[in-house]
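Encoded as structure tokens, the structure appears first; notes follow it.
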Amino acid sequence: MSLIDTYGRRINYLRLSVTDRCNMRCSYCMPEEGVEKLSHCEMLSYEDLLRISAEAVAAGIEKIRVTGGEPLVRKGIVEFLARLAALPGLKELVLTTNGLLLKEMAQGLKEAGVQRLNVSLDSLKPETFAAITRGGELQRVLDGLDEAERVGFPPHKINVVVMRGVNDDEILDFAALTLKRPYAVRFIEYMPTSGDADWRDLTVPGAEIRERIARVYTIEESTNSERSGPSKNFQIQGAPGSLGIITAMTGHFCDGCNRLRVTASGVAKGCLFSGAGVDLKPVLATGDDELLGKEIRRIVAAKPGRHEVTDEGVETKPFAMSRVGG
1 MSLIDTYGRR
11 INYLRLSVTD
21 RCNMRCSYCM
31 PEEGVEKLSH
41 CEMLSYEDLL
51 RISAEAVAAG
61 IEKIRVTGGE
71 PLVRKGIVEF
81 LARLAALPGL
91 KELVLTTNGL
101 LLKEMAQGLK
111 EAGVQRLNVS
121 LDSLKPETFA
131 AITRGGELQR
141 VLDGLDEAER
151 VGFPPHKINV
161 VVMRGVNDDE
171 ILDFAALTLK
181 RPYAVRFIEY
191 MPTSGDADWR
201 DLTVPGAEIR
211 ERIARVYTIE
221 ESTNSERSGP
231 SKNFQIQGAP
241 GSLGIITAMT
251 GHFCDGCNRL
261 RVTASGVAKG
271 CLFSGAGVDL
281 KPVLATGDDE
291 LLGKEIRRIV
301 AAKPGRHEVT
311 DEGVETKPFA
321 MSRVGG
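Residue numbers (full-length UniProt numbering): 1 to 326.
Structure, rendered in structure tokens:
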């Protein structure tokens with residue numbers, strides 16, 4: 001079965017947030033003081049998250065990315081991931097993490113059935129990393145990457161949110177990583193999730209990122225897989241790794257968007273910027289999984305054609321990325 005929205009896009013990718021908690025305070029994700037945490041009763045149980053996932057897969061979802069907040073801080077996450085990996089019809093289970101707990105948990109994640117890791121890593125300089133994350137320790141993340149490789153994970157995807165005047169001086173350093181390791185480094189344009197009026201000053205356009213790399217290296221185009229995200233991929237000639245750019249602001253990829261989001265509180269969103277979303281808790285409370293499946297298909301059908309963030313005169317309401325699964 002396939003999930004097709006009203007714009008003819010095949011929706012086969014679910015980003016599933018399991019918690020709003022995080023052990024970092026990244027500047028682009030939440031305010032320094034953090035955000036008001038969901039209460040225990042507001043957060044979906046693992047059983048409900050599994051029910052949503054099972055109905056989504058039955059409807060046509062093939063790939064699930066588990067996110068947070070930081071998913072590894074939720075108690076029982078490894079056991080939940082093992083249950084998720086066992087869902088009939090699920091072709092790909094991946095997890096996004098900031099890597100702080102990866103060294104200790106990599107073996108368990110691999111045994112649970114997680115197939116690939118996406119690691120958020122916005123600087124290779126300890127001081128800059130600590131500033132962006134408000135106290136994060138870079139070496140712990142690097143040690144986690146090494147341990148995950150050791151236990152058998154395939155080459156990691158490294159996600160870099162590029163911010164002008166903050167870490168854009170490291171674009172070439174990240175590109176050079178792919179000459180040494182088979183990492184897939186993804187540069188992400190800064191997005192105005194915090195509602196800041198001067199967000200354009202921080203955004204480094206994807207075209208500029210690519211141009212900076214092309215000045216130094218010979219680059220070659222590469223293609224995306226059917227279930228991959230919106231990255232425009234390429235690689236340095238002869239490099240074992242690859243590069244990609246996610247142009248959410250300057251060249252939105254809405255016409256090819258294949259994803260659905262569900263937050264840790266049970267709100268389904270067809271678009272990161274689509275406002276309040278649809279609360280699935282009332283449907284979950286009925287215990288009727290057939291009705292849940294119908295609601296998922298209805299949400300997909302109502303998925304907007306594109307976001308309007310970059311349109312003239314549009315004001316973005318601030319929200320914490322930790323609440324919507326990154």
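Each residue gets a CB set at the ideal place from its N, CA and C atoms; glycine is no exception.
Contact with chain B by residue i, beta-carbon distance below 9 Å
i, result
"Asn-159", "This model lacks chain B altogether, as it is built from one protein chain only."
Straight-line Cα distance separating residue j from residue i
i, j, result
"Pro-71", "Ile-132", "19 Å"
"Pro-205", "Thr-96", "24 Å"
"Cys-26", "Arg-134", "6 Å"
"Phe-80", "Glu-211", "42 Å"
"Ser-123", "Cys-22", "18 Å"
"Tyr-217", "Glu-208", "14 Å"
"Ile-188", "Lys-125", "18 Å"
"Cys-29", "Leu-202", "14 Å"
"Ala-302", "Asp-5", "7 Å"
"Arg-150", "Thr-286", "45 Å"
"Ile-296", "Phe-129", "38 Å"
"Leu-233", "Lys-269", "Rather than Leu, the amino acid found at residue 233 in this sequence is Asn. Cα-Cα distance, rounded: 26 Å."
"Val-300", "Asp-48", "19 Å"
"Glu-42", "Gln-107", "31 Å"
"Asp-146", "Glu-127", "21 Å"
"Met-24", "Pro-31", "11 Å"
"Ile-64", "Glu-36", "27 Å"
"Arg-215", "Arg-298", "47 Å"
"Thr-250", "Lys-294", "35 Å"
CB contact flag (residue i, residue j, <9 Å)
i, j, result
"Pro-304", "Cys-271", "yes"
"Leu-93", "Val-66", "yes"
"Leu-109", "Ala-148", "yes"
"Val-161", "Ile-171", "no"
"Asp-289", "Ala-54", "yes"
"Leu-3", "Leu-291", "no"
"Arg-186", "Gly-244", "yes"
8 Å contact criterion, which residue i and residue j should meet: CB distance rounded
i, j, result
"residue 385", "Asn-159", "This structure does not reach residue 385, given that the chain is present from 1 up to 326, and the question cannot be answered."
"Ile-213", "Pro-230", "The pair is not a contact, with the Cβ atoms about 19 Å apart (cut-off 8 Å)."
"Met-105", "Val-78", "7 Å"
"Gly-76", "Tyr-46", "6 Å"
"Gln-235", "Thr-178", "7 Å"
8 Å CB neighbourhood of residue i in its chain, flanking five on each side removed
i, result
"Ala-276", "Val-267"
"Arg-181", "Pro-155, Pro-240, Gly-241"
"Tyr-7", "Asp-255, Lys-303, Gly-305"
"Ile-219", "Arg-210, Ile-213, Phe-234, Gln-235, Ile-236, Gln-237, Leu-243"
"Met-139", "The residue asked about is misnamed: residue 139 is Gln in this sequence, not Met. Correct list, in chain order: Pro-126."
"His-40", "none"
Proximal residues to residue i (C-beta, below 7 Å), its chain only, five neighbours per side dropped
i, result
"Asn-258", "Arg-9, Arg-10, Ile-11, Asn-12, Tyr-13"
"Lys-281", "Gly-266"
"Leu-38", "Asp-20, Ala-264, Ser-265"
"Arg-51", "Leu-284, Asp-289, Leu-292"
"Leu-44", "Ala-264, Ser-265, Gly-266"
6 Å CB neighbourhood of residue i in its chain, flanking five on each side removed
i, result
"Gly-69", "Thr-19, Asp-20, Arg-21, Cys-22, Ser-322"
"Gly-152", "Lys-110"
"Ala-184", "Lys-157, Ser-242"
"Gly-144", "Gly-99, Leu-102, Lys-103"
"Lys-91", "Glu-62"
"Ile-199", "In the sequence as presented, Ile is not what sits at residue 199; that position holds Trp. Pro-192."
"residue 407", "Coverage of the chain is limited to positions 1 through 326, which leaves residue 407 absent and any answer about it impossible."
"Phe-174", "Val-160, Val-185"
"Ala-176", "none"
Counting beta carbon pairs with one atom in the region 115-126 and one in the region 85-98, are three or more of them shorter than 8 Å?
yes
Answer yes if the region 160-177 comes into contact with the region 48-58, meaning at least three C-beta pairs across the two stretches below 8 Å, and no otherwise.
When C-beta atoms of the region 48-58 are compared with those of the region 160-177, fewer than three pairs fall below 8 Å, so the two segments do not count as touching.
State whether the region 11-18 contacts the region 260-269, with contact taken as three or more CB pairs (one from each stretch) at a distance under 8 Å.
yes
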